[in-house]
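Residue numbers (the UniProt record's numbering), protein chains in the order written: chain A, 1 to 327; chain B, 1 to 362.
Notes follow once the structure below has been shown.
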Amino acid sequence: MPAPTSQPTPGSDQTPAPNDWTDACARAAWAGLVRCRRFEDAVMDAWRAGDIPGVVHVATGQEATAVGAALALAPGDMVTSTHRGHGHALALGTDPTALMAELMGRRTGLVAGRGGSKHLSDPERGLLATNAIVGASVPLAAGAALSAKTRQTGGVALAFTGDGATNQGAVFEAMVMAVALALPLIILVENNGYAQTTASAYASGGQSLAARARGFGLAADTVDGSRVDLVWSAVSRAADRARLGLGPSFIEAAVGRLEGFFSLDAQAYRGADEVARLRAAACPLARFRAKARGGLDDATLAAIETDQADAVDAALAAARAAPPAGP
Amino acid sequence: MTDRTEPSSAACSSAGYSSLGASPADPSAEPVTYRAALTRALDDAMAADAGVVVIGEDVAGGAGAAAQGGTGGAFGVTAGLYDRFGAERVIDTPIAESAMLSMAAGAAATGLRPVVDLMFADFAHVAADPLVNHIAQAGALFGDAPGQAGHLPLVIRAAFGAGDRSGAQHSQPLHGALLRLPAIRLALPATPADAYALLTHAIACAEPVVVLEHKRLYDTTGPLAGDALPWGRARVVRAGRDATLLAVAGQVAPALDAAERLSGHGIEVEVVDPRTLNPLDLGTLTASLARTGRLAITDEDRCAAEIVAGRLAETAFALLQAPPCLICPAPGPVPFAPGLEDAWAPDAPRIAEALRRLCTDG
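Below, the structure written as structure tokens:
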């Protein structure tokens, strides 16, 4: 494959689903996608209603990277994540009630209300920690990869990170380390086009992030991150490489951020039609229906969607009823 | 080493400062926000000196996007500066704090006067190497004789503090960590007038200055031109005879509140805002201790309180009738949940109770 020279566009890949994308994969993926979407919509509603203190960074539009990666990982693999980590946690199987309770600062929260939206941890589900220092998820995952390699667990570590983070020195250093030590590490960059309000293309001089990683010696690829099946396939390949001792991989996934950087973002820097365009072209749910549903009919998808909506609604009610965390 | 007991540092009365000092603050008593006072200080300094540049993530906002300049930093402090001074002087950067600070140091050594917006003070630790090994050691690296490049006219602004449910990595104080770096001047304004005066001075200063802005203060209001004090001079915010209570930035308001509560119970607390912790105005502080005989410090940064208490014990031990009383958070990360976070930072009732004990048991 020739080295990419520019950053990929979400919603651009029209290839059919991979041959090994089974209906069982599709069923699990759809459940994950609609759960993440419903959850983030509920988070925004709850935040507007004043039920969530502070600010939140939702991952609406970035469901396919979370779900596709989680489907490709195995028990015992470890994941690190970013300030935009609700979907990563849900995709790994974190209890939505505990997650919502954490966001609301409840005693029953995932980390007892001490962390909040940006600081989630659920190691039993493979989520080492989310992180509010941009880029920090990558060297931490390198540490989890070193641990897996040294202890010979057969596990891999995956770092979710963003386009903005790829400009941090710590991320470059982690790539150097991962290549030198042949770590079983996967760096999954969710390139949503913006570091807060600054365009990814400005910060990188328009260069492909995957090409940069290739320069460090990682196996690097780009993927249309609106396609859960393609993300699954790319992460599966990277995980296979890592488990075979072939070293680290870097995946640049193009995604569309359908909400602001955070819940207070007025998004004056974006063109008025940009979000509408992304919703039409790069919504992971629509893309799933068009490309990755396999043999699942509309009734099956609707039933799964209802189940997931019920689960999120129940989580919301239970979190609201839980006692606040206090001294 | 420079004598930090000297309230007006020689380095900070440079020609640059004098020329900027000629640009007077708005004499209007119209209240402005703390945020607007900072913006005004930047605006005035940039208008007066073409070498002043603002550097940081989203200080203009929207670089490379459909519309640029509409953000003005995470807290809106640099809003409007892009429209006035353009992208050459309001410089949006990639997220790369370490390179940002090193670059600013190199620029400061070669003719610019950069004002770096670090956004959250927590991010200073991402840039620990330039801060600790380069900016704080510049005199040794580039020479500190007059005219040598080791004098870095560099300002670093950062927001800190608990209370806005930002969690462990967006709330930490920084000043305790910086107090072990004598080359770095440190200002913590508590009012709009001090925000304007201290940032103006910081930009004019020939040496590196860190200005720490408590997040809770951005929307507070006051006159832009207050009762001006020189750089490095502490302000006696409230007079009292029974104890001296030191507080900076976000702790000044709860300290005053606590003092008012105690006043009804026959305890008169003198509240003193040092305004700068480096230099530390030992003269004003010692004079206060000579009146009261008791020292209390409330600070979100226990390390800072310990260092200040230690310096006062060094110089004014004989004046103290009781050990210094530090009213600070318990060790550990700043928690997220409102109930936990509100219990973390010392509030007026907790400060008042600690002072009541200091003044009655002591």
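By construction, the Cβ of each residue, glycine as well, lies at the ideal position given by its N, Cα and C atoms.
Item                                                                                                             : Value
Contacting residues, own chain, Cβ-Cβ under 6 Å from Arg-89/B (five flanking each side not counted)              : Val-53
Neighbourhood of Pro-189/B by C-beta, 6 Å cutoff - its chain only, sequence neighbours within 5 removed          : Ala-195, Leu-198
C-beta neighbour in chain A for Ile-95/B, strict 8 Å                                                             : yes
Alpha-carbon to alpha-carbon, Ala-296/B and Gly-161/B                                                            : 20 Å
Within-8 Å CB hit, Val-134/A to chain D                                                                          : No chain D is part of this structure, whose protein chains are labelled A and B.
Buried/exposed call for Gln-68/B, threshold 16 Cβ in 10 Å                                                        : buried
Partners in chain A for Leu-340/B, counting only beta-carbon separations shorter than 8 Å                        : Gly-105, Gly-113, Arg-114, Ala-325, Gly-326, Pro-327
Contact under 8 Å by Cβ, Ala-136/A with Ala-145/A                                                                : no
CB contact flag (Pro-114/B, Ala-124/B, <8 Å)                                                                     : no
Cutoff 8 Å: Arg-320/A Cβ touching any chain B Cβ                                                                 : no
Check whether Ser-236/A and Ala-26/A have beta carbons under 8 Å apart                                           : no
Contact under 8 Å by Cβ, Ala-325/A with Gly-68/A                                                                 : no
Cβ-based burial, Asn-19/A [other Cβ within 10 Å; buried from 16]                                                 : exposed
Cutoff 8 Å: His-214/B Cβ touching any chain A Cβ                                                                 : no
Coil, strand or helix - Tyr-82/B by DSSP                                                                         : helix
Reference Gly-206/A; option with closest CA among Ala-313/B, Pro-173/B, Pro-94/B, Thr-71/B                       : Pro-94/B
CB contact below 8 Å: Thr-191/B versus chain A                                                                   : no
Below-8 Å beta-carbon distance, Ala-15/B vs any chain A residue                                                  : Annotation note: pLDDT 32 at Ala-15/B (below 50); position unreliable, no value reported.
Local Cβ density within 10 Å of Asp-221/A, reported as buried at 16 or more and exposed below that               : buried
Where Ser-23/B falls, given that 16 or more other Cβ within 10 Å makes a residue buried                          : Here Ser-23/B scores only 42 on pLDDT, less than 50, and its place in the model is too uncertain to base an answer on.
Proximity test, Cβ basis, 8 Å: Gly-260/A and chain B                                                             : no
Whole-number beta carbon distance between Leu-103/A and residue 338/A, since they are thought to touch under 8 Å : Beyond the ends of chain A as shown, which are 1 and 327, falls residue 338/A; an answer cannot be given.
Residues bridged to Pro-31/B [DSSP beta-bridge criterion]                                                        : Pro-223/B
The beta strand (DSSP E) enclosing Thr-298/B, as first and last residue numbers                                  : 295-298
Rounded straight-line distance, which links the Cα of Asp-77/A to that of Leu-280/B                              : 52 Å
7 Å CB neighbourhood of Asp-23/A in its chain, flanking five on each side removed                                : Gly-294, Gly-295, Leu-296
Contact with chain B by Gln-7/A, beta-carbon distance below 8 Å                                                  : no
Min CB distance Thr-197/A to chain B below 8 Å                                                                   : yes
Within chain B, the residues that Asn-191/A reaches when beta carbons sit closer than 9 Å                        : Correct list: empty, because the minimum Cβ distance to chain B is about 13 Å.
Interface partners of Arg-84/A on chain B, CB under 9 Å                                                          : Near Arg-84/A there are no residues of chain B at all, since even the closest Cβ is about 14 Å away, more than 9 Å.
Separation of Leu-358/B from Ile-267/B, as counted between CA atoms                                              : 10 Å
Cβ neighbour criterion (16 or more within 10 Å) applied to Gln-308/A                                             : buried
Residue-level contact to chain A via CB, Gln-169/B, 8 Å cutoff                                                   : yes
Under 7 Å (Cβ pairs) to chain A, residues found in the segment 72-89 of chain B                                  : none
Any chain A beta carbon closer than 8 Å to Ser-98/B                                                              : yes
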